[in-house]
Amino acid sequence: MKRRTIYTCCFIGLLTSGALAAEEQPAEEAPAGVPVPSGDTSIATVNDQAISLDLFRLFYNERLRQANTKDSPAAQNQLFNEFINIVVTAQDAEQKELNKQKNVELALDLQRLQLLSRLAIQAVAQGVEPSEEDLNKAYEQVYGGDKRTEYKARHILVKSEDEAKKVIGELEGGSDFSELAKTSSLGPTGKQGGDLGWFDSDQMVKPFTEAVATMTPGEYSKTPVQTQFGWHVILLEETREGEPPAFEDVKDELVVALQRDQLASYISGLREKANLQLNPDLIKTTDPVAPPSDTPETDKPE
């Protein structure tokens, strides 16, 4: 088996420093008296092609983030060799003129558009710094007067309506709901006597919450309730008025929502100003088509 050439290098203080450094990666300081080269300094030359320090630093920090690891000599050696593999195979692809294939050109054009779009959206999002007043207004709009009834209930889940009716018959005969749930319920809460804890109407499927909303505490459902999970017999134990979440608990969520609104306005403005002309030869129908959403996809906070 032919041995693979491995290069051993250590770039102390060069890779996690500078404008392209990952903020979460602490830079290891270079030895005293050793000047730090500029980012456009060649870190290596591969087949007469100079590779800049900034290009490798960008690759290096991105891979550190992806692997969720820290800068170290071992990481530098591993990723430098990985980077050289990319360079030599990319050079070989160019020699074979694979970069001139139509699908490759299109893929590169698409990646360029996606990168520039992402940078534009990030720039707008970073420029949105809602004030406390803005956040409080958003909180009132979303959660103001949000008083929801919460329910504490148990249930027994079975496969068929006949089985559910049989359970109801046993309850009417004086059987204990909790004990019956332990022996009869198919749900994961069966071992806990069917205990569902506290929940509001948004946390359960519609037929279940509709049934609970018509019951009074201490009452069990006299008719089986069907959902996509099977047939339920429900015991409502308590109700209470739920309080909206505290402002501080949802502050980050509100910031994201305001940023999303600003991004939607930004994109809508660009679309309105854009000189968009469709090719009439490719339009096959005059039926109205719903326009695509102007709202960019953003990560929702967990």
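According to the working numbering, the sequence shown is numbered sequentially starting from 561.
Every residue, glycine too, gets a C-beta built ideally from N, C-alpha and C.
Looking at the strands, I want to know which residues DSSP matches up with residue i.
i	result
Asp755	Arg714
Val815	According to DSSP, Val815 bridges with nothing at all.
Gln636	Paired residues: none, contrary to the question.
Gly790	Thr787
Glu801	Thr709
Val606	Gln609
Leu796	Ala713
Tyr780	Leu795
What residues in its chain sit with their C-beta under 6 Å from that of residue i, if we drop five residues either side in the sequence?
i	result
Ala634	none
Thr769	Ser761
Gln701	none
Gly802	Arg708, Glu710 and Asp760
Tyr826	Val684
Val765	Thr787
Trp758	Glu710 and Lys712
Can you tell me whether residue i is buried or exposed? The criterion is at least 16 other CB atoms within 10 Å of its CB, across all chains shown.
i	result
Gly750	buried
Val718	buried
Asn659	exposed
Ala646	It is worth fixing the name first, because residue 646 is Ile in this sequence and not Ala. With fewer than 16 Cβ atoms within 10 Å of its Cβ, Ile646 is classed as exposed.
Leu673	exposed
Arg678	exposed
Ala817	buried
Ala698	buried
Ala834	exposed
Asn621	buried
Ser691	exposed
Pro784	buried
Gln819	buried
Leu814	buried
Gln763	exposed
Ser781	buried
Val727	buried
Gln636	buried
Ala771	buried
Can you tell me the Cβ-Cβ gap for residue i and residue j, rounded? I've got them flagged as a contact below 8 Å.
i	j	result
Lys787	Pro767	Before going further, note that residue 787 is Thr rather than Lys in the sequence given. At roughly 5 Å, the Cβ-Cβ gap stays under 8 Å, so Thr787 and Pro767 are in contact.
Gly790	Leu746	7 Å
Gln837	Val684	About 26 Å separates the two Cβ atoms, so there is no contact after all.
Val606	Gln655	Not quite, the Cβ-Cβ distance comes to about 13 Å (not below 8 Å), so this is no contact.
Leu756	Glu779	15 Å between Cβ atoms; not a contact.
Asp614	Leu624	About 15 Å; that fails the 8 Å criterion.
Ala680	Val793	The Cβ separation is near 56 Å, so there is no contact.
Tell me which same chain residues have a C-beta within less than 8 Å of the C-beta of residue i, skipping the five on either side of it?
i	result
Thr799	Thr709, Glu710, Tyr711, Lys712 and Pro777
Gly753	Arg714, Phe737, Ser738, Glu739, Ala741 and Lys742
Ser612	Gly599, Asp600, Thr601, Ser602 and Ile603
Leu830	none
Gln863	This structure does not reach residue 863, given that the chain is present from 561 up to 862, and the question cannot be answered.
Gln609	Val647 and Gln651
Glu642	Arg623
Among the residues of its own chain, which have a CB less than 7 Å from the CB of residue i, if the five just before and after it don't count?
i	result
Ser720	Trp791
Pro597	Leu613
Leu744	The amino acid occupying residue 744 in the given sequence is Ser; Leu does not appear at that position. For Ser744, where only same-chain residues beyond five positions count, the Cβ hits under 7 Å are Ile716, Val718 and Val727.
Ala667	none
Ala653	Asn659
Glu584	With a pLDDT of only 40 at Glu584, under the threshold of 50, the placement of this residue in the model should not be trusted; the figure read from the coordinates follows. Contacts found: none.
Asp807	The sequence shown places Phe at residue 807, not Asp. Cβ neighbours of Phe807 beyond the five flanking positions: Tyr699.
Curious, which full-length beta strand (DSSP E) runs of at least 3 residues does the stretch 608–670 contain?
609–612
Within the stretch 674–738, ranges of the beta strand (DSSP E) (whole runs, at least 3 residues):
708–718
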